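All residue numbers for the sequence shown refer to the working numbering, where the first residue is 124 and numbers rise by one. Accompanying notes for the structure given below.
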Amino acid sequence: MIPIDDSPIVRDGKSLILAMDHGLEHGPVDFEDVPEKLDPSTVFETATHDAVTAMAVQKGIAEGYYPSYEDDVNLLLKLNGTSNLWMGEPDSAVNCSVDYAAELGADALGFTVYGGSNHEIEMVEEFRDAQEKGREYDLPMVMWSYPRGQGLKNDTKPSTISYASRLALELGADIAKVKYPGSKDAMAHAVKCAGDMKVVMSGGSKTSDYEFLSTVEAVIDAGAKGLAVGRNVWQREDPTRLLDALEKVIYEEETADAALEATE
Numbered sequence: 124m125i126p127i128d129d130s131p132i133v134r135d136g137k138s139l140i141l142a143m144d145h146g147l148e149h150g151p152v153d154f155e156d157v158p159e160k161l162d163p164s165t166v167f168e169t170a171t172h173d174a175v176t177a178m179a180v181q182k183g184i185a186e187g188y189y190p191s192y193e194d195d196v197n198l199l200l201k202l203n204g205t206s207n208l209w210m211g212e213p214d215s216a217v218n219c220s221v222d223y224a225a226e227l228g229a230d231a232l233g234f235t236v237y238g239g240s241n242h243e244i245e246m247v248e249e250f251r252d253a254q255e256k257g258r259e260y261d262l263p264m265v266m267w268s269y270p271r272g273q274g275l276k277n278d279t280k281p282s283t284i285s286y287a288s289r290l291a292l293e294l295g296a297d298i299a300k301v302k303y304p305g306s307k308d309a310m311a312h313a314v315k316c317a318g319d320m321k322v323v324m325s326g327g328s329k330t331s332d333y334e335f336l337s338t339v340e341a342v343i344d345a346g347a348k349g350l351a352v353g354r355n356v357w358q359r360e361d362p363t364r365l366l367d368a369l370e371k372v373i374y375e376e377e378t379a380d381a382a383l384e385a386t387e
């Protein structure tokens, strides 16, 4: 397995993953205010920005659209995912094999694990199979580490997020995507729990430019290595401007204020 820092999805030790698996996970509702983004090619165009180290999509989007962008975008293929129509205990169907992901030209793999779900055992075993198979292709694994289930009342509590990052380390992920636990200190503890594995923050629902960039600033200050973001980029009228600012905050470690001022 090549070192994660030598992977195409890492730049200067950090990652900015642009996610567009929302059509499966959330449905068309995420596109209501930006109907033009229903066309995946519009988001692939955004992903050609230098700040973006990979674009995360499901198999069908990769099949239909990635061939037109393979020279300009690194592909992170999400192997599992479940629709918002599913009303049972949190679970995620495996929708793509590692062999087929490699055939499609994936540079990395993504896999959700809902620690705490009644289906955790099954999901972890599926993750094991995918992670070990991915090693045969030198494909790094990004875990969407999202503790969730009927026994969890607060999935962003600091201790829960620290457990999420540790779970990903223990199971062999190269990067853990976790939610923001509410403060820089809490994020720093989650990063510490992850050892030498990289931790990136989940972008979440769209907020204001300043609020979002300030959170990213705190995350980087806490020692995290980047961001996996969807709506907070492609739901904006000018996603390129925000990516310009994110480039400064993540890779140059500038403040949110300085980044916004430089991109006005």
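Glycine is no exception: its CB is placed at the ideal position from the N, C-alpha and C atoms. The structure displayed is predicted, hence computed values, not measured ones.
### Query
Which first and last residues belong to the beta strand (DSSP E) in which Met266 is found?
The residue you call residue 266 lines up with position 143 of the sequence shown. Met266 -> beta strand (DSSP E) spans Met264 to Ser268.
### Query
Do you know offhand how far Thr171's Cα is from Leu369's?
Within the sequence shown, numbered from 1, the residue matching residue 171 stands at position 48. Within the sequence shown, numbered from 1, the residue matching residue 369 stands at position 246. Between the alpha carbons of Thr171 and Leu369 lies a distance of about 14 Å.
### Query
In angstroms, rounded to a whole number, what distance separates the CA positions of Ser130 and Leu199?
Here residue 130 is taken as the residue at index 7 of the sequence shown, counted from 1. Here residue 199 is taken as the residue at index 76 of the sequence shown, counted from 1. Each residue's Cα considered, the two are about 11 Å apart.
### Message
Does Asn277 come out as helix, strand or coil in the three-state DSSP assignment?
### Response
Residue numbering aside, residue 277 sits at position 154 when the sequence shown is read from its first letter. Reduced to three states, the DSSP call for Asn277 is coil.
### Task
Tell me where the alpha helix (DSSP H) around Lys315 begins and ends.
One-based indexing of the sequence shown puts residue 315 at position 192. Lys315 -> alpha helix (DSSP H) spans Lys307 to Cys316.
### Query
Any idea what DSSP makes of Gly233, helix, strand or coil?
Counting from one through the sequence shown, the residue named residue 233 turns up at place 110. Correct three-state label for Gly233: strand.
### Task
Please classify Val152: does DSSP put it in a helix, a strand, or coil?
Looking up residue 152 in the sequence shown gives position 29. Helix.
### Message
Check whether the segment 128-148 and the segment 204-223 touch, using three or more Cβ-Cβ pairs below 8 Å as the test.
### Response
yes
### Query
Can you tell me whether Met264 is buried or exposed, with buried defined as 16 or more other CB within 10 angstroms of its CB?
The residue you call residue 264 lines up with position 141 of the sequence shown. Classification of Met264: buried, given that the 10 Å Cβ count is 16 or more.
### Task
Kindly indicate the opening and closing residues of the beta strand (DSSP E) around Leu208.
Locating residue 208 in the sequence shown gives position 85, where the first residue counts as 1. Element bounds for Leu208: n/a, residue is neither H nor E.
### Task
Could you name the residues that DSSP lists as bridge partners for Met91?
Nothing can be reported for residue 91: it is not among the residues displayed for the chain, which extend from 124 to 387.
### Task
Would you mind working out which of Asp344, Arg359 and Glu159 sits nearest Ser331, comparing C-alpha positions?
Along the sequence shown, read from residue 1 onward, the residue named residue 331 stands at position 208. Cα-wise, what sits closest to Ser331 is Arg359.
### Message
Is the beta carbon of Gln254 closer than 7 Å to that of Gly295?
### Response
In the sequence shown, counting from the first residue as 1, residue 295 sits at position 172. In the sequence shown, counting from the first residue as 1, residue 254 sits at position 131. Contact: yes.
### Message
Contact defined as beta carbons within less than 8 Å: I believe Val236 pairs with Met266. What is the distance between those atoms, to the nearest angstrom?
### Response
As a working mapping, residue 236 is identified with position 113 in the sequence shown. As a working mapping, residue 266 is identified with position 143 in the sequence shown. Between Met266 and Val236 the Cβ distance is about 6 Å, and since that is below 8 Å, they are a contact.
### Message
Classify Lys276: buried if its beta carbon has 16 or more other beta carbons within 10 angstroms, exposed otherwise.
### Response
Taking the sequence shown and counting its residues from 1, the one referred to as residue 276 is at position 153. The residue is exposed, with fewer than 16 neighbouring Cβ atoms inside 10 Å.
#### Entry: Cutoff 6 Å; reference Lys182; Cβ partners in own chain excluding five residues on either side
Here the question's residue 182 lines up with position 59 in the sequence shown. Counting only Cβ-Cβ distances below 6 Å, and skipping sequence neighbours, we find Asn218 and Cys219.
### Message
Which residues does DSSP list as the beta-bridge partners of Ser388?
### Response
Because the chain here runs from 124 to 387, residue 388 falls outside it and cannot be looked at.
#### Entry: Length of the line joining the Cα atoms of Lys321 and Ala179
By one-based count along the sequence shown, residue 321 stands at place 198. By one-based count along the sequence shown, residue 179 stands at place 56. Their backbone Cα atoms lie some 17 Å apart in a straight line.
### Task
With DSSP as the reference, label Val247 as helix, strand or coil.
Position 124 of the sequence shown, counted from the start, is the residue given in the question as residue 247. It is helical.
### Query
Using DSSP with H/G/I as helix, E/B as strand and the rest coil, what is Ala224?
Residue numbering aside, residue 224 sits at position 101 when the sequence shown is read from its first letter. Of the three classes helix, strand and coil, the one that applies to Ala224 here is helix, per DSSP.
### Query
When the Cα of Glu159 is compared with those of Asp128, Glu375, Trp357 and Leu365, which residue comes out closest?
Taking the first residue of the sequence shown as 1, we reach residue 159 at position 36. Among Asp128, Glu375, Trp357 and Leu365, the Cα nearest to that of Glu159 belongs to Trp357.
### Message
Can you give me the C-alpha to C-alpha distance between Tyr192 and Val166, rounded to a whole angstrom?
### Response
Taking the first residue of the sequence shown as position 1, residue 192 is located at position 69. Taking the first residue of the sequence shown as position 1, residue 166 is located at position 43. Taking the straight line joining both Cα atoms gives about 11 Å.
#### Entry: Gly183, DSSP secondary structure in three states
The residue you call residue 183 lines up with position 60 of the sequence shown. Gly183 falls in the helix class under three-state DSSP.
### Task
Tell me where the beta strand (DSSP E) around Lys371 begins and ends.
Translated into positions along the sequence shown, residue 371 becomes position 248. According to the DSSP assignment, Lys371 belongs to no beta strand (DSSP E) but to the alpha helix (DSSP H) extending over Pro362 to Ile373.
### Task
Compute the distance between the beta-carbons of Leu139 and Leu350, then report whether it is under 7 Å.
Counted from its first residue, the sequence shown places residue 139 at position 16. Counted from its first residue, the sequence shown places residue 350 at position 227. Yes, the pair counts as a contact, with Cβ atoms nearer than the cut-off.
### Query
In whole angstroms, what is the alpha-carbon distance linking Asp135 and Gly187?
Stepping through the sequence shown from its first residue, residue 135 is reached at position 12. Stepping through the sequence shown from its first residue, residue 187 is reached at position 64. Looking at the two C-alpha atoms, the distance is approximately 30 Å.
### Task
Output the distance between the C-alpha atoms of Pro163 and Tyr269, rounded to the nearest integer angstrom.
Position 40 of the sequence shown, counted from the start, is the residue given in the question as residue 163. Position 146 of the sequence shown, counted from the start, is the residue given in the question as residue 269. Those two C-alpha atoms are separated by around 25 Å.
### Task
Please name the residue in Lys256, Met324 and Ala309 whose C-alpha comes closest to that of Asp222.
Position 99 of the sequence shown, counting from 1, holds the residue named residue 222. Of the listed residues, the one whose Cα sits closest to Asp222 is Lys256.
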